[in-house]
Structures are given as structure tokens and as C-alpha cells.
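Going down the list, the sequences are from chains C, Y, S and H. Residue 0 is where the first sequence starts when you use numbering that gives the first Met the number 0, and the numbers rise one by one after that. Residue 0 is where the second sequence starts when you use numbering that gives the first Met the number 0, and the numbers rise one by one after that. Residue 0 is where the third sequence starts when you use numbering that gives the first Met the number 0, and the numbers rise one by one after that. Residue 0 is where the fourth sequence starts when you use numbering that gives the first Met the number 0, and the numbers rise one by one after that. Cβ coordinates follow ideal geometry from the N, Cα and C atoms, glycine included. Predicted model only: the values in this text are computed from it and were never measured. Structure first, commentary second.
There are 4 protein chains.
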Amino acid sequence: MTKDQFDYIKHIIEEKVPIHKFLNVKLLELEQNYAKVIVPFKHEVIGDIRRNRWHGGLLATMMDSIGGLLGTNHFVTEDDKIATVDLRIDYLEEAKAEAIIVDAEIVRLGKRILITKMRTLQNGKVIAEGKGVYSIKINE
Amino acid sequence: MTKDQFDYIKHIIEEKVPIHKFLNVKLLELEQNYAKVIVPFKHEVIGDIRRNRWHGGLLATMMDSIGGLLGTNHFVTEDDKIATVDLRIDYLEEAKAEAIIVDAEIVRLGKRILITKMRTLQNGKVIAEGKGVYSIKINE
Amino acid sequence: MTKDQFDYIKHIIEEKVPIHKFLNVKLLELEQNYAKVIVPFKHEVIGDIRRNRWHGGLLATMMDSIGGLLGTNHFVTEDDKIATVDLRIDYLEEAKAEAIIVDAEIVRLGKRILITKMRTLQNGKVIAEGKGVYSIKINE
Amino acid sequence: MTKDQFDYIKHIIEEKVPIHKFLNVKLLELEQNYAKVIVPFKHEVIGDIRRNRWHGGLLATMMDSIGGLLGTNHFVTEDDKIATVDLRIDYLEEAKAEAIIVDAEIVRLGKRILITKMRTLQNGKVIAEGKGVYSIKINE
């Protein structure tokens, strides 16, 4: 991927997807089968008011997004399509009031199915793991 | 549940949880083993820019919240605890640019584990299904 | 479905699939979007030796089989294909040393994806629930 | 773990659990947080008759068993308990008519919850991945 291509996708991800823009997502890395973003903490992401923690659903949101991004990364035409079929998240540790790093890699890319695994980290420690299954249609 | 109890929980859910307040969640029903909310559409929930659709992660967010609410519903002391262990979502239809209804019911409530099943609906049609496993600690 | 069609599929399911034959699976019902089998208890299915219970993996095995059967039910040519992409099982109660009933229904049948939900019952009570996602290829 | 301890557990796993004995499971490695077995192919494990493949449910069966074994590995009294809460399997490749290797490692061991991740391999290649959530009770 050239720097221009990276910058273009970075712009789409960060500025054009409303929920990403709201969350101030920043794309850090993007390769054919791997992606990484950072999402800063802000007040609106709190789900657990007694403990001031991130809502786990927002970790799921970012894990779904970044897994799906790896599918669009393999698109060859404008008509190519992707949709999340199922998403599974294991929460290992609570998400503190700090930035999260979310990354994803491809487990399997078939003709009709994409499977990705995702992680959410804080301070280098994995706090949640995810799996995404996506239905894809890539025109050839 | 008395109307006062319902109103108290409704106030917490709608006003005190920042991500709920951001999403304008409204609690519609709450029984011992069942809960239902409505969440209006707004621009920031869009995840699919080509088609103007809800981000599926926000459906997951609400399904996780409402499943967990059913656990807190059985709390007897202030020290009781709940945490999501895993969350699984099946996406059946895309979520159009309209309000969603999210409901949850208890599948199993044990001493250490709560399992709930959740649904997201639009116009009476189920567009996503979820399962949540929660670790609970209820003091007796 | 005619009685002849039912008998033909029943024969395949019961006699031709080695793991089914080993387990003595009997097909009870089969409709376009629903299937039900019974599997008797026998010594070899025990997984929990302290309590003489079925191994949960065999419940998963049957739930996967019967979910997939609903896909083959929609096949139109000999080249049509189905493969399990992912399988998720929630165990609600332990499976006692008695016969199990396993049923499945279609949640979604798309062009590339089949999603089914399955149940295992003993004495009319649901003891396990499952979801299956299958990749399908139906030639038209 | 001493060789005597290993031999004792190996004996239980291989000889005392009926479904393991039927499948001719052999315990290869066992550490505090890791376990590995081999299971030879035999006719009765076939699920796909057209292609002579293992039934995926038997891979699930072994992944569930070996994940759970890691829980019992941490037991301190005879009253300690473990039960599978949920099991999720991703099937990546079909399982050919050869032996399978199944391994498991602990992702998280809490006071009430054990999470393990499992793999099934053939010829050094991962053909299925699993996650198990177990409810545990370890007396202290």
C-alpha cells in the first residue's frame, strides 16, 4: 500500500463514518491482512457509572469496524459488498477511562466468507477479544 | 415493580449512563425477567456510509446493556456485581435509518452466571439477535 | 414433502452418516425449515464420569447436524454445497443419562449464508441452545 | 507436574471417560495452563459422507473436553466443580480422514469463570478454533 492509498483510507475511516468521527478513531496501521486504530476515552463512552468504565459495546463496535475494514481492503470493484453476519466478544478485563487500541487480523478469507479476529488493548494488555464473520461478495 | 421503582430505574438508565444519554435511549418496559427500550436514529450512529445504516456495534451495545439490566434487576445489595463475560450477535437484516427497539429476556439465572437473549427490531421485524453471558455476584 | 422423500432422507440420516449410525439417531420430523431427531442414551456418550452425564460435545454434534440438514433440504442440484462456518452452544442444564431430542429451525437463508437455531431437550425442557452459521452454495 | 501426576490424569482422560475411550484420545502434553491430545481417525467419526470428513461436532467435543481439563487441573478439593457455559467453534478447513491434534490454553481464570481457547490441527495447520466459557467453583 502506498502512502497515498493509506491516507485516503485513513481519511474515509476517520472523517466519513459518523460513529468513528464521533469516537475520534485514528487509523494507526493498515496492511493487507492487519489493521490497528486508537480510540481516545471521552465521557460519552461510559457504560458503567459506578466505576467510570467504557461500555463494552463500544469495544465491540470498534472490533466489528476494524474487522470489516480488512474485508473492504480486498475489494476490487465499487460493487463489492460486505456485511457482518456474526460477532462474538470475550471481555477479559474492564476497560478503564483511558484510550483503547483495537486491532484485527484475517483468519480466513474465502469466496463468500471472511473471518477475522480482533483484540482491544490498554497499556499493552489484551482486555477483550473478538471474532467476526462477514458475508462478502467480491466481483472478479 | 411499583411505578416509583420503574421511574427510578428509568431515570438511571436514561439519564445517568453517558452512552445511553448520548443515544437517547428510552426505557419502555421492565419486568423481573424482561426489558425493552427504544433508541431513535441519529446521524452519529451511522456505520455504513454508502447505505446510511446503523453501525451494528451500537445494536450490540444496546443488547449488552439491556441484557445486563436484567441482572441488576435481581440485585439485593449495593455490593452486588455484574460484568459481561461474552456477547454474541447475529445480524439478520441491515438496520435502516429509523428507531430500533431492543428487548432482552433471561434464559438462565444461576448463582454465578446470567444468560440472556436479546433482539433488535425495526417495524416489528427482528433484525439482530444476541446472547449475553454475564458473571454475577449476588450477596445473600 | 412426500412420505417417500421423508423416508429417503431418514434413511440417509440414520444409516449412511457413520456418526449418526453410531449414536442411533432417529429422524422424527422434517419440514422445509424445521427438523427434529431423537438420540438415545448409551454408555459411550458419557463425558462426565462423576455424574454419568452426556458429553456436551455430542449435543453440539447433533445440533450442528440437524441445523445443516435444513440447508441440504433446500438443495436443488447434486453440486450444491454446505459447510459449517461457526457453531455456538449455550449449555443451560446438564444432560442426564436419558434420550435427548434435538431440533432446528432456519433463522435466515440467504444466497451465501444459512443461519439456524437449535435446541436440545430432555423431558420437554430445553437443556442447551445452539446457533449455526453455514456457508452454502445453491446452484440456480 | 510430576510424571506420576501426569500418568494418573492421562489414565483418567484416556480410560475413564467413555467418549474419550471410544475415540481413542491420547493425552500428549499437560501443563498448568496448556493441554494437547491426539485423536486418530476412525470410520465412526465421519459426518460428511460425500467427502469422507470428520464430523465437526467431534472436533467441538474434543475442544470442549480439553478446555475443561485445564479447569480441573486447578482443582484443589474433590468438591470443586466445572461446567461448560458456552462453546463457540470456527471451522476453517474441512477435517480430512486423518488424526487430529487438539490443544487448549487458558485465556482467563477467575474466581467464577474460566475462559479457554482451543485449536484443532492437521499436519501442523489449524483447521478449527474454539472458545470455551466454563463456570467453576474452586473451594479455598
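C-beta neighbour in chain S for residue i, strict 8 Å
{"i": "VAL84/Y", "result": "no"}
{"i": "VAL148/C", "result": "In this structure chain C extends from 0 to 139, so residue 148/C is not present and cannot be described."}
{"i": "VAL106/Y", "result": "yes"}
{"i": "ARG87/Y", "result": "yes"}
{"i": "LYS25/H", "result": "no"}
{"i": "ILE48/H", "result": "yes"}
{"i": "ILE126/H", "result": "no"}
Minimum Cβ-Cβ distance from residue i to chain H less than 8 Å
{"i": "ARG111/Y", "result": "yes"}
{"i": "PRO39/S", "result": "no"}
{"i": "LEU91/C", "result": "yes"}
{"i": "ILE114/C", "result": "yes"}
{"i": "GLU43/S", "result": "yes"}
{"i": "GLY55/S", "result": "yes"}
Sheet register partners of residue i (DSSP bridge)
{"i": "TYR133/S", "result": "THR83/S, LEU113/S"}
{"i": "THR119/Y", "result": "VAL101/Y, ALA127/Y"}
{"i": "TYR33/H", "result": "GLU30/H, GLU104/H"}
Backbone secondary structure at residue i - three-state DSSP
{"i": "LYS41/C", "result": "coil"}
{"i": "ASP89/S", "result": "strand"}
{"i": "LYS25/C", "result": "strand"}
{"i": "ASP47/C", "result": "strand"}
Proximity test, Cβ basis, 8 Å: residue i and chain Y
{"i": "SER64/H", "result": "no"}
{"i": "HIS10/C", "result": "no"}
{"i": "ALA59/C", "result": "yes"}
{"i": "ILE135/C", "result": "no"}
Cβ separation of residue i and residue j, assumed to be a contact under 8 Å, to the nearest whole Å
{"i": "ILE100/H", "j": "ILE37/H", "result": "5 Å"}
{"i": "THR12/C", "j": "LEU69/C", "result": "According to the sequence as given, residue 12/C is Ile; it is not Thr. The pair is not a contact, with the Cβ atoms about 12 Å apart (cut-off 8 Å)."}
{"i": "GLY142/C", "j": "GLY56/Y", "result": "Residue 142/C lies beyond the stretch modelled for chain C, which goes from 0 to 139, so this question has no answer here."}
{"i": "LEU58/Y", "j": "THR115/Y", "result": "Actually they are not in contact, since the Cβ atoms of LEU58/Y and THR115/Y sit about 15 Å apart, beyond 8 Å."}
{"i": "ARG107/C", "j": "ILE135/C", "result": "With 8 Å as the limit, ARG107/C and ILE135/C do not qualify as a contact, their Cβ atoms being about 11 Å apart."}
{"i": "PHE21/Y", "j": "GLU43/C", "result": "4 Å"}
{"i": "LYS24/C", "j": "ILE48/Y", "result": "Looking at the sequence shown, residue 24/C is not Lys but Val. That belief does not hold up - the Cβ atoms of VAL24/C and ILE48/Y are roughly 14 Å apart, past 8 Å."}
Below-8 Å beta-carbon distance, residue i vs any chain C residue
{"i": "PHE74/Y", "result": "no"}
{"i": "LYS15/Y", "result": "yes"}
{"i": "ILE100/Y", "result": "no"}
{"i": "PHE5/Y", "result": "no"}
### Cβ contact (3+ pairs, closer than 8 Å) linking the segment 59–71 of chain S and the segment 110–130 of chain Y
The segment 59–71 of chain S vs the segment 110–130 of chain Y: no contact.
### Query
Given 8 Å as the limit, is there contact between the segment 87–96 of chain C and the segment 74–87 of chain Y, that is, 3 or more CB pairs closer than that?
Output reads yes: the segment 74–87 of chain Y touches the segment 87–96 of chain C.
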